[in-house]
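S.K.: Before anything else, here's the structure in question.
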Amino acid sequence: MLIVLNLGLGMNPVLVGLIGALPRLTDAITDPLMGYISDHTKSKWGRRRPYIFFGAIAAAVIFALLWQLPRDQSENFYFWFFLIGSIIFYLAYTVFATPWVALGYELTPDYHERTRLMAVQNFMGQMAWLVAPWFLWFMQNDMLFEDMIEGAGWLAIIIGVFTVCVGILPAIFLKERSKHQEEKTNKESLNVSSSDKNEANEEFPAGFKDFIKGFLTTIKFKPFLYLCAATFLVFNGFMLVSSFQTYVIIYYVFGGDQSLGAEFAGWAGTVSAISTFCVIFLVTKLSTIMGKRNAFFFSTGVSIIGYALKWVCYTPESPMLLLIPSIFIAFGLGGLFTLMGSMVADVCDLDELNTKQRREGMFGSIYWWVVKLGMAVALAAGGFLLNATGFDVALAGQQSADTIFFMRLCDVIIPIITSLIAIWMIMAYPLTEDKAREVREALEARRGKMTVDDDEPIQNVELNPSS
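My numbering applies: residue 2 is where the sequence shown begins, and numbers increase by one.
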């Protein structure tokens with residue numbers, strides 16, 4: 002919808018990129034803080050569900066209000082209006098999303114069931130992309146609205162109502178599986194001092210120092226950092242050119258025809274969403290056969306082929322060919338968010354074995370902040386890159402040949418490079434299926450007061466890239 006600010010209001014792409022990027026930087030503080038609060042909340046409704054319920058409602062209402070735009074204002078006014086409004090929106094979204102992600106990590110302890118769980122989660126999430134690619138077409142449909150601005154206002158209301166209806170469902174119907182297990186573990190299995198036991202009865206056990214310690218421990222945990230780096234690269238590469246793709250379709254394939262370009266961009270997005278559904282099932286099956294790492298290598302490699310095909314298939318002579326790359330590119334994000342969520346859940350087990358704490362909220366908040374940071378960097382850099390190509394919205398379909406060439410080049414090369422680096426990063430990820438099972442067995446043994454001594458070194462989890 003940020004395209005509305007450029008095409009509908011005529012804002013500079015750089016300012017539009019900053020509006021998308023700057024609020025995400027505040028998440029560097031709010032996301033881990035929300036993760037810590039959720040991890041240490043004690044209530045009769047659980048430590049995740051209250052935040053999910055009220056956060057969904059708040060995010061939906063703020064989003065709907067954000068797009069009820071006042072008319073005939075300056076570019077400076079719109080910049081600050083959206084910047085402040087977006088910061089408030091993302092704060093509300095953090096209240097919902099951070100506990101929601103953490104709840105997903107703790108729903109099952111099984112290595113492969115985690116992948117299936119994340120596959121279902123990703124499958125449901127992809128349903129939005131059956132309709133999202135049509136948003137631009139919907140907003141600028143002159144049979145429904147006077148202009149794109151009015152369309153954006155009504156679309157935001159529709160999205161807000163839908164978000165409230167579905168966002169509260171996890172809070173109502175899901176149970177927090179590990180809540181009682183963790184309380185038992187804390188009381189019976191951990192060797193804590195008397196002062197620590199007193200702190201455990203407080204709502205937020207160790208205050209600011211405990212938060213900082215947990216945060217630093219998380220960001221220093223190498224297996225987790227590999228996952229974050231790979232996610233940042235794959236997702237950032239995709240998002241960085243996502244806006245380029247729309248511009249290339251409109252101004253190269255269709256010579257500046259926004260209506261026809263938006264329609265084909267919608268079809269490309271729909272094909273991508275349908276393909277992603279199939280990819281999720283395939284990647285889930287492959288992960289049980291070849292392991293999560295190899296499944297990631299396969300899915301990301303196929304997406305690289307899709308990005309390369311853009312150079313050939315995005316052509317004015319045969320517009321329908323632009324649907325082909327979408328099928329291959331779907332493997333990138335389809336595999337990424339199916340596998341990475343499952344792998345982060347495995348990392349949470351390893352962290353518990355080493356720190357004796359369940360910290361899904363902290364891990365989830367930092368991981369998804371990396372995702373949002375990738376989006377922020379992509380939105381900001383995308384605006385600068387678009388300007389760097391020489392693009393001028395006032396020229397409409399008369400963009401220069403050099404501008405079109407550099408737009409197409411960025412659209413193809415950038416995600417290929419980031420995906421290749423991501424594959425290299427996951428090669429160093431050490432938590433194989435055998436190691437994950439060893440960790441899980443050690444945890445269950447310690448929780449059951451069996452043979453694991455908390456004072457002994459944890460030999461089974463001495464991991465290195467070659468293990």
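Positions of the beta carbon are idealized from the N, C-alpha and C atoms, including for glycine.
Can you find the residues in the same chain that come closer than 7 Å, C-beta to C-beta, to V62, ignoring five residues on each side of it along the sequence?
M.R.: So the qualifying residues of the chain are G161.
S.K.: Under a three-way DSSP split, which group does I4 fall into?
M.R.: Correct three-state label for I4: helix.
S.K.: Alpha helix (DSSP H) containing Q69: first to last residue?
M.R.: Counting along the chain, Q69 falls outside any alpha helix (DSSP H), and DSSP gives it neither H nor E.
S.K.: Measure the C-alpha to C-alpha separation of I159 and F64 and round it to an integer number of angstroms.
M.R.: C-alpha separation (whole angstroms): 10 Å.
S.K.: Hey, out of G86, A296 and E318, whose CA is closest to I424's CA?
M.R.: Among G86, A296 and E318, the Cα nearest to that of I424 belongs to A296.
S.K.: Is the CB-CB distance between F385 and V15 below 7 Å?
M.R.: Yes, Cβ-Cβ distance for F385 and V15 is below 7 Å.
S.K.: With DSSP as the reference, label T175 as helix, strand or coil.
M.R.: A small fix is needed here, since residue 175 is Leu in this sequence, not Thr. Three-state result, L175: coil.
S.K.: In terms of residue numbering, what span does the alpha helix (DSSP H) encompassing L334 cover?
M.R.: From DSSP, the alpha helix (DSSP H) with L334 extends over L324 to T356.
S.K.: Does the beta-carbon of V242 have 16 or more other beta-carbons within 10 angstroms, so that it is buried, or is it exposed?
M.R.: The residue is buried, with at least 16 neighbouring Cβ atoms inside 10 Å.
S.K.: Using only the alpha-carbon positions, how far apart do L170 and F54 sit?
M.R.: Cα to Cα, L170 sits roughly 8 Å from F54.
S.K.: Taking just the CA atoms, how far does F332 sit from M119?
M.R.: Taking the straight line from one Cα to the other gives about 15 Å.
S.K.: Go to V303, then tell me how far its alpha helix (DSSP H) extends in each direction, as first and last residue.
M.R.: Taken as a continuous stretch (DSSP letters only), the alpha helix (DSSP H) holding V303 covers K293 to C314.
S.K.: Please state if the CB of E264 and the CB of W138 are separated by a distance shorter than 7 Å.
M.R.: Cβ atoms of W138 and E264: closer than 7 Å.
S.K.: Report yes or no: do three or more beta-carbon pairs, one from the segment 118-133 and one from the segment 348-359, lie closer than 8 Å?
M.R.: With a cut-off of 8 Å, the segment 348-359 and the segment 118-133 do not count as touching, because too few Cβ pairs lie within range.
S.K.: Could you work out which residue in I58, G36 and A60 is closest to R49 when comparing CA atoms only?
M.R.: When only C-alpha atoms are compared, the closest one is G36.
S.K.: Roughly how far, in whole angstroms, is the beta-carbon of A57 from the beta-carbon of V165, given that I think they are within contact range, below 8 Å?
M.R.: Confirmed, Cβ separation roughly 6 Å.
S.K.: Ordered along the chain, which non-local residues of its own chain (more than five positions away) have a Cβ less than 6 Å from that of L421?
M.R.: Answer for L421: no residue qualifies.
S.K.: Whose C-beta lies closer than 6 Å to the C-beta of I418 among residues of the same chain, with five residues either side of it excluded?
M.R.: Hits under 6 Å: none found.
S.K.: Would G11 be called buried (16 or more neighbouring beta carbons within 10 Å of its own) or exposed?
M.R.: When all chains shown are included, G11 counts as exposed.
S.K.: Does the distance from the CB of P71 to the CB of S366 come in under 7 Å?
M.R.: The answer is no: Cβ separation not under 7 Å.
S.K.: How would you write the range of the alpha helix (DSSP H) that D403 sits in, first residue to last?
M.R.: Per DSSP, D403 belongs to the alpha helix (DSSP H) from A402 to I427.
S.K.: Do you know offhand how far G21's Cα is from L380's?
M.R.: If you take the alpha carbons of G21 and L380, they lie about 6 Å apart.
S.K.: So, with DSSP's three-state summary, where would you put I367?
M.R.: In the structure shown, I367 sits in a helix (DSSP, three-state: H, G or I).
S.K.: Going by DSSP in three states, L224 sits in which element: helix, strand or coil?
M.R.: Correcting the residue identity first, residue 224 is Pro in this sequence and not Leu. The answer is helix: DSSP assigns P224 an H, G or I state.
S.K.: Once you ignore the five residues that flank C314 on each side, which residues in its own chain have a CB closer than 6 Å to its CB?
M.R.: Counting only Cβ-Cβ distances below 6 Å, and skipping sequence neighbours, we find L322, L323, I325 and P326.
S.K.: How many angstroms separate the CA atom of T219 from the CA atom of V167?
M.R.: Straight-line Cα distance between these residues: approximately 31 Å.
S.K.: Out of curiosity, what's the CA-to-CA distance linking S343 and R115?
M.R.: Their backbone Cα atoms lie some 5 Å apart in a straight line.
S.K.: Taking the beta carbon of K373 as the centre, do at least 16 other beta carbons fall within 10 Å, making it buried, or is it exposed?
M.R.: By the 10 Å Cβ count, K373 comes out buried.
S.K.: Helix, strand or coil for M119, going by three-state DSSP, please let me know.
M.R.: Helix, per DSSP.
S.K.: R117 and T285: beta carbons closer than 7 Å?
M.R.: A contact, by the Cβ cut-off of 7 Å.
S.K.: Give the DSSP-derived three-state secondary structure of V132 in the structure shown.
M.R.: Three-state DSSP puts V132 in coil, outside helix and strand.
S.K.: Taking the alpha-carbon positions, what's the K293 to G270 distance?
M.R.: Roughly 27 Å between the two C-alpha positions.
S.K.: Given that a residue counts as buried once 16 or more other Cβ atoms are within 10 Å of its Cβ, and exposed if not, what is Q74?
M.R.: So Q74 counts as exposed.
S.K.: Distance check for V254 and Y52, CA to CA, integer angstroms please.
M.R.: Answer to the nearest angstrom: the Cα atoms are 45 Å apart.
S.K.: Are the beta-carbon atoms belonging to P224 and L432 less than 7 Å from one another?
M.R.: A contact, by the Cβ cut-off of 7 Å.
S.K.: Taking the alpha helix (DSSP H) that S87 belongs to, which residues open and close that run?
M.R.: E76 to Y106 is the span of the alpha helix (DSSP H), which, as asked, contains S87.
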